[in-house]
Amino acid sequence: MQHHRILFIDAYDSFSNSIVALLRAELSIAVECIKINEARFVLNDEAFFSYLDGFDAVVAGPGPGHPANVDDVGLIGKLWNLPQKHLLPVLGICLGFQSLCLAFGAKVERLREPRHGIMTIVDHCNRDLYRGTGKIVATQYHSLHVRLGHAQSIGDWEASTLWQKSEECIDLLPLSWASMSVPNGPTLMGVRHEHKPYWGVQYHPESICTNKEGQKLVSNWWAQACEWRAGRPPLNRTVQDTGPAHARCSGYASSEAQLPRPNVQWSVLSEISSPHVANILDLLRDENIFEQPLLLESGTRSGKPVNPETGRFSIIGLQSPTATQYRYSTVSGEMQIMTNASSVLTPLASINDAFSLLDRAIQERRAVSGPAEIPFWGGLVGFVSYEAGLQTIDVPPVGAKEQHPDLWFVMIDRSIVVDHVRGAVYVQTIRSQDKQWLDTTHSILEHHLQAPAVIGDTASQKLVAQLAGGPEQTAYCQKVLDCQANLRAGESYELCLTDQSILRTSAEPWTMYKQLRSRNPAPFSAFLRFHSAEHPGISIVGSSPERFLSWSRNGKCQFRPIKGTVKKGPGVTRARAEELLASPKERAENLMIVDLIRHDLAGVKDISKVDVPKLMSVEEYETVYQLVSVIEGTVEDGGSGSAALLASLPPGSMTGAPKKRSCELLSEIEGGKARGLYSGVIGYFDVGGGGDFSVVIRTAFKWDDQGNDWHVGAGGAITALSDPQAEWEEMLTKRESVLTALL
Numbered sequence: 001m002q003h004h005r006i007l008f009i010d011a012y013d014s015f016s017n018s019i020v021a022l023l024r025a026e027l028s029i030a031v032e033c034i035k036i037n038e039a040r041f042v043l044n045d046e047a048f049f050s051y052l053d054g055f056d057a058v059v060a061g062p063g064p065g066h067p068a069n070v071d072d073v074g075l076i077g078k079l080w081n082l083p084q085k086h087l088l089p090v091l092g093i094c095l096g097f098q099s100l101c102l103a104f105g106a107k108v109e110r111l112r113e114p115r116h117g118i119m120t121i122v123d124h125c126n127r128d129l130y131r132g133t134g135k136i137v138a139t140q141y142h143s144l145h146v147r148l149g150h151a152q153s154i155g156d157w158e159a160s161t162l163w164q165k166s167e168e169c170i171d172l173l174p175l176s177w178a179s180m181s182v183p184n185g186p187t188l189m190g191v192r193h194e195h196k197p198y199w200g201v202q203y204h205p206e207s208i209c210t211n212k213e214g215q216k217l218v219s220n221w222w223a224q225a226c227e228w229r230a231g232r233p234p235l236n237r238t239v240q241d242t243g244p245a246h247a248r249c250s251g252y253a254s255s256e257a258q259l260p261r262p263n264v265q266w267s268v269l270s271e272i273s274s275p276h277v278a279n280i281l282d283l284l285r286d287e288n289i290f291e292q293p294l295l296l297e298s299g300t301r302s303g304k305p306v307n308p309e310t311g312r313f314s315i316i317g318l319q320s321p322t323a324t325q326y327r328y329s330t331v332s333g334e335m336q337i338m339t340n341a342s343s344v345l346t347p348l349a350s351i352n353d354a355f356s357l358l359d360r361a362i363q364e365r366r367a368v369s370g371p372a373e374i375p376f377w378g379g380l381v382g383f384v385s386y387e388a389g390l391q392t393i394d395v396p397p398v399g400a401k402e403q404h405p406d407l408w409f410v411m412i413d414r415s416i417v418v419d420h421v422r423g424a425v426y427v428q429t430i431r432s433q434d435k436q437w438l439d440t441t442h443s444i445l446e447h448h449l450q451a452p453a454v455i456g457d458t459a460s461q462k463l464v465a466q467l468a469g470g471p472e473q474t475a476y477c478q479k480v481l482d483c484q485a486n487l488r489a490g491e492s493y494e495l496c497l498t499d500q501s502i503l504r505t506s507a508e509p510w511t512m513y514k515q516l517r518s519r520n521p522a523p524f525s526a527f528l529r530f531h532s533a534e535h536p537g538i539s540i541v542g543s544s545p546e547r548f549l550s551w552s553r554n555g556k557c558q559f560r561p562i563k564g565t566v567k568k569g570p571g572v573t574r575a576r577a578e579e580l581l582a583s584p585k586e587r588a589e590n591l592m593i594v595d596l597i598r599h600d601l602a603g604v605k606d607i608s609k610v611d612v613p614k615l616m617s618v619e620e621y622e623t624v625y626q627l628v629s630v631i632e633g634t635v636e637d638g639g640s641g642s643a644a645l646l647a648s649l650p651p652g653s654m655t656g657a658p659k660k661r662s663c664e665l666l667s668e669i670e671g672g673k674a675r676g677l678y679s680g681v682i683g684y685f686d687v688g689g690g691g692d693f694s695v696v697i698r699t700a701f702k703w704d705d706q707g708n709d710w711h712v713g714a715g716g717a718i719t720a721l722s723d724p725q726a727e728w729e730e731m732l733t734k735r736e737s738v739l740t741a742l743l
């Protein structure tokens, strides 16, 4: 039996993996991937041509940049000059489409109005790629367009000449157009070469908002490719597999069965009326139950979770002075593991190796029994910085060279979990022979939680704080314009511009947190205080509304990106917020991140069944309305949720797309300043096999060696439709959700 193979050439786009997944799903054949700058072939055409002989066809993918730039298209540009004996069918998508057209006489120019994350109706010829195809609604991601030499005015749309070859491009046959693109005029969406087996489309068939009719071109193209292949010599099937597009984080499942299993011991206090998490923690500290708290809190309003879907549980980690700590720096490239006052420095090749060590630490403590109804039994709690995320996509970290950790996790073996829906409090430990602590803590909580009147909100203290620095309006608006210049040039589809302000206060971090969570409750509030005898510690107070990634013990993986914000105010009802968030700009922002995350998940070896159960839904928070989507996948048996985390950093909602090029551009536009913890993630790896991480937004953090200066980041997604003044105001809205709670 002959096994068909397709080669996908990746131009560093953030939607490539979804295209590969679509090809595999629609055609049920093998798809192998290489990058446009594959070192074996860039300077060796014969080697590249011989390599192509092992494939039935090629898909030239989308990507940032201009098709005339050799660095942007790389190997894609070589496809259009294949010698006859190496000729094979090619489908170009977006940048691949533009490269095809440019190679055969077309012009590539800027659109009057870029189309990033915009849906359009595609009119087609009902033949070739569009045989048996109905009405197409497709997603566009482009600021450049192809001109074959046809008239471009709206009034000429009905002219039959649009469906004919032009004198300038005698080899290219138009197959489809976007007819409703005002003010751009008719925009070419699809072509084929008249004599060679080359096809191309401008739009993205893999997008979540491209309909099924728009995806039919994949099977139609494959049918055309097979028809062209019929009667030609059989392929050389000796080509070596180049592997998946993304390397998977190393796991330790093979040794799992040989590792000791901690016995999770727990007790439950039930039917507790609105347990106040912050004051439970105060109580435990007063009773000398532990020295330093870690808190991942689900905010409540009137005793109920702000968002029961994501904010049902709060986790209090009881940090022991002898707890094992893991610290990694992108500057030094070393992982420091601290245990019982001893410290070991381990040089690592990359952040990938750091994640492997964290995986191993969890596997060594893997528990198989515990209260199944709660998500955390014990494990690693901590953060990963934005700069650590940059390292996962080969973007050099920027900013100052202080060796503050970019990853810091602490092993938590004693914890308390509050279920805000059931009114239950779980006291638990994964230490052996720890029953005395369990009984003592249970008894203390039971005594005090029966008298809720004693426990009141202590967040009324007035803080003395001042804004000591931050972005200036003119400069910020200029950065918005700089972003848009790159968008119009085709360098990115969306850029998430950010800046940071300095809040100066000598207030206690715990006091600050209680005030923040009282005034701005959120599903992913956090209070972390990490310290070390050898290095500066860090304090974190946060009220993030955004889940980045969670995975359950049974393998369900979920992202919940937020893009699109409306500030609450007089006259801003939910209906009005929904109207504002239904604008093309807001929906485009969200759609681009949804498609980016689908790409990230599709590139993880052990993730399957990527789905979008919620697309662009409006959710209400204390100070804003926001547009939220949900993307889910399944972690296969033997896989690791941490692999999905590693493959998805830094959070796409904080970068834009394509992610790699966007991050490179943002490093320059933001003046080379490090974001640090802001735009990173905070969360936990559970010894039971789950995990949950939020995006670090609406958060203040301070390093011990920086005095009383707290960093507060804020920003927004810049698209071609953005207004600089509106973006400035959106950044202030997000910043003020933290500052007004603390000033």
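Sequence positions in the sequence shown follow UniProt numbering and run 1 to 743. Yeah, the Cβ is synthetic: ideal placement off N, Cα and C, and Gly gets one too.
1. Within the continuous alpha helix (DSSP H) that includes H599, where are the two ends?
2. Under DSSP, the beta strand (DSSP E) around Y328 begins and ends at which residues?
3. Does the region 517-534 come within contact of the region 175-186, defined as at least 3 CB pairs closer than 8 Å?
4. Write down the C-beta distance between A361 and M411 rounded to the nearest angstrom, noting that I regard them as a contact closer than 8 Å.
5. Per DSSP, what kind of secondary structure is Q164 in: helix, strand or coil?
6. First and last residue of the beta strand (DSSP E) that includes Y141?
7. How close, in whole Å, do the beta carbons of S314 and V418 come, if the pair is a contact with beta carbons under 8 Å?
8. Buried or exposed: which applies to L345, given that a residue is buried once 16 or more other Cβ atoms fall within 10 Å of its Cβ?
9. Is the region 577-586 touching the region 642-650 in the sense that three or more CB pairs, one from each, lie closer than 8 Å?
10. Do you know offhand how far V146's Cα is from Y476's?
11. Can at least three beta-carbon pairs, one atom from the region 132-141 and one from the region 47-55, be found at a separation below 8 Å?
12. List the whole-angstrom C-beta distance separating N708 from S506, where the pair is believed to meet the contact cut-off of C-beta under 8 Å.
13. Check whether the Cβ of V264 lies closer than 7 Å to any Cβ atom in chain B.
14. Assuming E620 is part of the beta strand (DSSP E), what are its boundary residues?
15. Residues bridged to K568 by DSSP?
16. Since R547 sits in a beta bridge, which residues does DSSP pair it with?
17. Look at the alpha carbon of P396 and the alpha carbon of A388, and state the distance between them as a whole number of angstroms.
18. Would W728 and Q500 be called neighbours here (beta carbons separated by less than 7 Å)?
19. Mind the definition here: the region 330-341 touches the region 558-571 only if three or more C-beta pairs lie below 8 Å; say whether that holds.
20. The beta strand (DSSP E) that contains F409, what's its start and end?
21. In this structure, how does DSSP classify V454 when only helix, strand and coil are distinguished?
22. So, with DSSP's three-state summary, where would you put V191?
23. Name the two residues that bound the continuous beta strand (DSSP E) containing I34.
24. Is V218 near E26, with beta carbons less than 7 Å apart?
25. When DSSP builds the beta bridges, which residues end up paired with F383?
26. Go to L581, then tell me how far its alpha helix (DSSP H) extends in each direction, as first and last residue.
27. Which residues mark the beginning and the end of the beta strand (DSSP E) in which M338 is found?
28. Write down the C-beta distance between V696 and Y684 rounded to the nearest angstrom, noting that I regard them as a contact closer than 8 Å.
29. Looking at the secondary structure, which residues open and close the alpha helix (DSSP H) in which W221 lies?
30. Threshold first: 4 residues or longer. Then list the alpha helix (DSSP H) segments lying entirely within the region 640-665, N to C.
31. Report the CB separation of V624 from V566 in whole angstroms; it is logged as a contact under 8 Å.
32. Is it the case that the Cβ atoms of P89 and V306 are separated by a distance below 7 Å?
33. Identify the continuous beta strand (DSSP E) that holds C496 and give its terminal residues.
34. Counting along the chain, where does the alpha helix (DSSP H) carrying G96 start and finish?
35. In chain order, what residues of the same chain have a beta carbon less than 6 Å from the beta carbon of N220, not counting five sequence neighbours either side?
36. Counting Cβ pairs, one atom from each stretch, are 3 or more of them under 8 Å apart for the region 660-667 and the region 486-495?
Once the coordinates are examined:
1. P584 to A602
2. Q325 to S329
3. no
4. 7 Å
5. coil
6. I136 to R147
7. 4 Å
8. exposed
9. no
10. 33 Å
11. no
12. 5 Å
13. The structure shown contains no chain B; it holds only a single protein chain.
14. I607 to E620
15. Looking at the DSSP assignment, K568 forms no beta bridge with any residue, so it has no partner.
16. S694
17. 10 Å
18. no
19. no
20. L407 to I412
21. Reliability fails at V454, whose pLDDT of 43 lies under 50, so the model's placement of it is uncertain and the value that follows must be treated cautiously. DSSP places V454 in helix when its eight states are reduced to three.
22. strand
23. A30 to K35
24. yes
25. W408 and I682
26. R574 to L581
27. E334 to T339
28. About 14 Å; that fails the 8 Å criterion.
29. K212 to R229
30. 641-648
31. 6 Å
32. no
33. E494 to T505
34. L95 to A103
35. L129 and R131
36. yes
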